[in-house]
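Q:
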Amino acid sequence: PCQDLSTAGMRAGLNGQKSSLFYDAVRIINEMRNATNGLFPTVVIWENVYGALVSNHGADFRAVLTSLTGAEIPSPPFGRWAGAGMVHGIGFELAWRLMDAQYWGVPQRRLRIFVVVDYRTGRAGEILFKSRKVQPLSTMCSGSRMSSFPHTGKDSAKSRRELPLIFPFNDRGLRDAGMNKNTKKLLSSFGKPNDPFPTLLTSPNPLAAIFPDGHECIRYPTPVECERLMGLPDGWTKSGESGRRIPDSKRYQYLGNSIAVPCAEYILKNVCEELTK
Numbered sequence: 589p590c591q592d593l594s595t596a597g598m599r600a601g602l603n604g605q606k607s608s609l610f611y612d613a614v615r616i617i618n619e620m621r622n623a624t625n626g627l628f629p630t631v632v633i634w635e636n637v638y639g640a641l642v643s644n645h646g647a648d649f650r651a652v653l654t655s656l657t658g659a660e661i662p663s664p665p666f667g668r669w670a671g672a673g674m675v676h677g678i679g680f681e682l683a684w685r686l687m688d689a690q691y692w693g694v695p696q697r698r699l700r701i702f703v704v705v706d707y708r709t710g711r712a713g714e715i716l717f718k719s720r721k722v723q724p725l726s727t728m729c730s731g732s733r734m735s736s737f738p739h740t741g742k743d744s745a746k747s748r749r750e751l752p753l754i755f756p757f758n759d760r761g762l763r764d765a766g767m768n769k770n771t772k773k774l775l776s777s778f779g780k781p782n783d784p785f786p787t788l789l790t791s792p793n794p795l796a797a798i799f800p801d802g803h804e805c806i807r808y809p810t811p812v813e814c815e816r817l818m819g820l821p822d823g824w825t826k827s828g829e830s831g832r833r834i835p836d837s838k839r840y841q842y843l844g845n846s847i848a849v850p851c852a853e854y855i856l857k858n859v860c861e862e863l864t865k
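Each residue of the sequence shown is one higher than the one before, starting from 589 at the first, in my numbering.
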């Protein structure tokens, strides 16, 4: 769990009540490897918030690398970890990388740290840094994917003109702008129409929409729009296993704590390719 590592949390670090579960995961990995004479798991993937890199002045991330490899990993110069790196050791290769979901085909700025450890084939770098063609952001940001307002659904110049311009709002912008004639002027400081949405939280960020006819409104994204921001199918969080409808407040919470699917798919496809060579 990220709560103790997030810059938005209490910053208790890996010793916090929630994020300390990491050490139970390491214990399970070690028990599995001991029970299988080191055969399984072959690959371990760890994902967390950007704050994991800087928590406790970088000491927590060093503890993560050391725990996953069993090797003594030195601290980086000046105590600041790079956004990407690798460690080679006896019996393992480890790589880490900051990945922003907006560059993997979803219109959301979501910066997360991924660590891949390969205990057998030494291909952690191949898994985490492989070049792969992805869907462009402009496609995912089209009205049919990001707007729940009525539109033609056709990818044409006419349909694009009919779509509203959507802007994310922070608390100050929402409080200052309201629904008055100064909204457009204030919006200029909160991004451009094609900018990605800010990081999705457990309670959604307000957004403002300006229609071509000058009509303005401020609203929250719908649960379906939040599903699209995470790369999930429409309605993915609508119902539970029993078929009972999940309240929207819970859907927002689940989605804000979720992982951007295209980032996970990119890594897991690379794992499959490398381990089946």
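The C-beta atom is built at its ideal place from N, Cα and C for all residues, glycine as well.
Report the option in Phe610, Pro629, Ile616 and His676 whose CA atom is closest to the CA atom of Asp648.
A: Phe610
Q: Hey, out of Gly601, Ser643, Ala712 and Asn793, whose CA is closest to Ala672's CA?
A: Residue Ala712 is the option with its Cα nearest to Ala672.
Q: Do the segment 669 to 688 and the segment 641 to 659 touch if we need at least three Cβ pairs shorter than 8 angstroms?
A: yes
Q: Less than 9 angstroms between the beta carbons of Pro792 and Cys814, yes or no?
A: yes
Q: Can you grab the Cα-Cα spacing for the pair Val632 / Met620, in whole Å?
A: Taking the straight line from one Cα to the other gives about 12 angstroms.
Q: Can you name, in chain order, every residue of its own chain whose Cβ lies under 6 angstroms from the Cβ of Lys718, other than the five neighbours on each side?
A: Asn858
Q: Would Ile701 and Val614 qualify as a contact pair, given that the criterion is a beta-carbon distance under 9 angstroms?
A: no
Q: Assign Asn670 to one of two classes, buried (16 or more other C-beta atoms within 10 Å of its C-beta) or exposed (fewer than that).
A: Contrary to the premise, residue 670 reads as Ala rather than Asn in this sequence. Ala670 should be labelled exposed.
Q: Measuring alpha carbon to alpha carbon, tell me which residue in Asp822, Arg816 and Met674 is nearest Gly693.
A: Gly693 has its Cα closest to that of Arg816, out of Asp822, Arg816 and Met674.
Q: By a C-beta neighbour count over all protein chains shown, 10 Å radius and 16 as the cutoff for buried, is Ile628 buried or exposed?
A: The sequence given here places Phe at residue 628; Ile does not occur at that position. The residue in question, Phe628, is exposed, as its Cβ has fewer than 16 Cβ neighbours within 10 Å.
Q: Determine the burial state of Gly639: buried for a count of at least 16 other Cβ atoms within 10 Å of its Cβ, exposed for fewer.
A: buried
Q: Determine the direct distance from the alpha carbon of Arg650 to that of Asn664, and round the result to whole angstroms.
A: It is worth fixing the name first, because residue 664 is Pro in this sequence and not Asn. Pro664 and Arg650: Cα-Cα distance of roughly 9 angstroms.
Q: Report buried or exposed for Asn603, applying the criterion of at least 16 other Cβ atoms within 10 angstroms of its Cβ.
A: With fewer than 16 other Cβ atoms within 10 Å, it is exposed.
Q: Report the residue from Pro662, Glu829, Ser846 and Gly646 whose alpha carbon sits nearest the alpha carbon of Cys590.
A: Ser846
Q: Which runs of the beta strand (DSSP E) spanning at least 3 residues fall entirely within the segment 609 to 682, listed in chain order?
A: 631 to 637 and 672 to 677, all fully within the segment 609 to 682.
Q: Pick from Val652, Ala623 and Asp783: whose alpha carbon is nearest that of Leu593?
A: Here the closest residue by C-alpha is Val652.
Q: Can you tell which of Phe666, Pro695, His645 and Glu635 has its C-alpha closest to the C-alpha of Gly819?
A: Pro695
Q: For a test of the three-state rule: what should DSSP assign to Ile701, helix, strand or coil?
A: strand
Q: Would you kindly work out how many angstroms separate the C-alpha atoms of Asp822 and Pro811, rounded to a whole number?
A: 9 angstroms
Q: If you count every other CB in all the chains shown that lies within 10 Å of the CB of Cys805, and 16 or more means buried, which is it?
A: exposed
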